[in-house]
Amino acid sequence: MRPAHLDLHEPAVRRRGERVLGAAAVGAFVATLVLGLWVAPPDAVQGQSQRLMYLHVPAAWTGFLAVGVVALASLVVLLGGGRFWSSLARGAGELALAMLALAYAEGMAWGHAAWGVWWTWDPRLVTTGVLLLTCVGYVAMSSLGRDEQGLEEDGRDSRAGERRTALVGLLAAVEVPVVHLSVLWWRSIHQPPTLLRPSLSAPIDPTMLATLLVAVVAFTLAGAWYVTRRLDQQLPVARAPISAEVPAEAPAETPAPATTSGAAR
């Protein structure tokens with residue numbers, strides 16, 4: 001017997017993973033909705049607006065994680081990786097762009113409720129904006145000048161374009177720690193990190209923490225589902241091998257003997 005293994009190169013494995021991840025994500029989102037709206041208490045200072053945290057933080061986390069996947073896949077592409085890794089990087093880049101844009105929009109709404117302004121020249125907002133623009137450039141470069149066969153418009157092989165795009169993906173990964181540590185490096189009105197802080201102590205109510213962790217799991221599962229779905233859409237489906245057997249020819253019919261109309265003389 002051969003041990004079971006997970007191979008995302010196989011379409012059947014990807015589709016099975018999509019179903020599992022999708023179902024798990026839906027369940028986690030339902031739990032997040034119940035915990036975030038009815039179980040977790042409101043913040044003593046910010047009130048009900050604090051509940052935006054259960055969307056803002058998981059979206060930012062998923063965006064950062066997606067950038068990490070982009071960086072890993074981009075590194076493999078630079079080392080000679082094939083279509084699978086470039087497709088993985090592209091799907092993760094799209095996810096990173098969507099999640100960071102969502103986190104940015106929610107952060108502006110939360111900031112308006114807490115600070116009274118939609119946007120200001122705060123280090124966290126500025127560095128996140130730079131990362132968001134980098135992701136926009138990455139997604140644009142991964143799509144620009146390529147047709148369905150993965151070739152550039154002028155007919156040349158797309159490897160050079162993939163390498164340039166991979167470098168932008170690595171640049172985005174370098175920007176992630178700058179965004180996270182910006183509130184510690186510079187003076188900022190943004191609150192310090194709640195979970196990933198240097199002291200490793202989370203000053204948060206246990207119920208709020210549990211709700212936040214469930215939300216992070218929900219967003220992570222949904223992100224994994226999206227990337228797996230995009231892989232299934234981008235990678236070609238392996239065709240069944242054509243049989244080399246030549247069908248046997250039908251046996252030739254034996255002609256009937258000729259008959260004579262008259263008696264032999």
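Numbering follows this note's numbering, with no gaps: position 249 of the sequence shown is 249.
We put the beta carbon where it would ideally sit given N, CA and C, even for glycine.
Keep in mind it's a predicted model, so treat the numbers as computed, not measured.
{"Query": "What are the residues that DSSP puts in a beta bridge with Gly80?", "Result": "For Gly80, which the question treats as bridged, DSSP gives no partner whatsoever."}
{"Query": "Assign Gly116 to one of three DSSP states: helix, strand, or coil.", "Result": "coil"}
{"Query": "Which residues in the same chain as Gln149 place their Cβ atom closer than 8 angstroms to its Cβ, once the five residues preceding and following it in sequence are excluded?", "Result": "In this prediction, Gln149 scores a pLDDT of 43, lower than 50, which makes its location untrustworthy; the coordinate-derived value is nonetheless stated afterwards. If we look at Gln149 and ignore the five residues flanking it on each side, it has no Cβ neighbours."}
{"Query": "Just to confirm, is the Cβ distance from Leu95 to Val216 under 8 angstroms?", "Result": "no"}
{"Query": "For the region 29-90, which segments carrying the alpha helix (DSSP H) assignment without a break, of at least 4 residues, lie completely within its bounds, in sequence order?", "Result": "53-78"}
{"Query": "Cβ of Leu102 within 8 angstroms of Cβ of Cys135?", "Result": "no"}
{"Query": "Just the C-alpha distance for Glu106 and Ala114, rounded to the nearest angstrom, thanks.", "Result": "12 angstroms"}
{"Query": "Since Trp266 is in the alpha helix (DSSP H), which residue starts that stretch and which ends it?", "Result": "The structure shown does not extend to residue 266, since the chain spans only 1 to 265, so no value can be given for it."}
{"Query": "Given Glu18, which residues of its chain have a CB within under 8 angstroms of its CB, disregarding the five upstream and five downstream residues?", "Result": "Trp225, Thr228, Arg229 and Asp232"}
{"Query": "Should the region 54-67 be called in touch with the region 201-215, which here means at least 3 C-beta pairs below 8 angstroms?", "Result": "yes"}
{"Query": "Any chance the region 58-68 sits against the region 174-188, with 3 or more Cβ pairs inside 8 angstroms?", "Result": "yes"}
{"Query": "Between the C-alpha atoms of Ala44 and Leu35, what's the straight-line distance to the nearest angstrom?", "Result": "17 angstroms"}
{"Query": "For Pro58, count neighbouring C-beta atoms within 10 Å of its own C-beta (all shown protein chains included) and say buried if the count is 16 or more, exposed if not.", "Result": "buried"}
{"Query": "Where Arg164 and Val39 are concerned, what is the direct C-alpha to C-alpha distance, given to the nearest angstrom?", "Result": "48 angstroms"}
{"Query": "What I want to know is whether the C-beta of Ala114 ends up closer than 7 angstroms to one or more non-hydrogen atoms of the ligand FAD.", "Result": "The model on display carries no ligand, and the ligand FAD is accordingly not part of it."}
{"Query": "When the Cα atoms are used, what is the spatial distance from Gly129 to Leu171?", "Result": "14 angstroms"}
{"Query": "By Cβ distance, which residues of its chain are closer than 7 angstroms to Pro192, with the 5 residues on each side in sequence left out?", "Result": "Val183 and Leu184"}
{"Query": "Mark Thr120 as exposed unless 16 or more other C-beta atoms lie within 10 angstroms of its C-beta, in which case mark it buried.", "Result": "exposed"}
{"Query": "Quick one: using the 10 Å Cβ neighbour count with 16 as the cut-off for buried, is Val214 buried or exposed?", "Result": "buried"}
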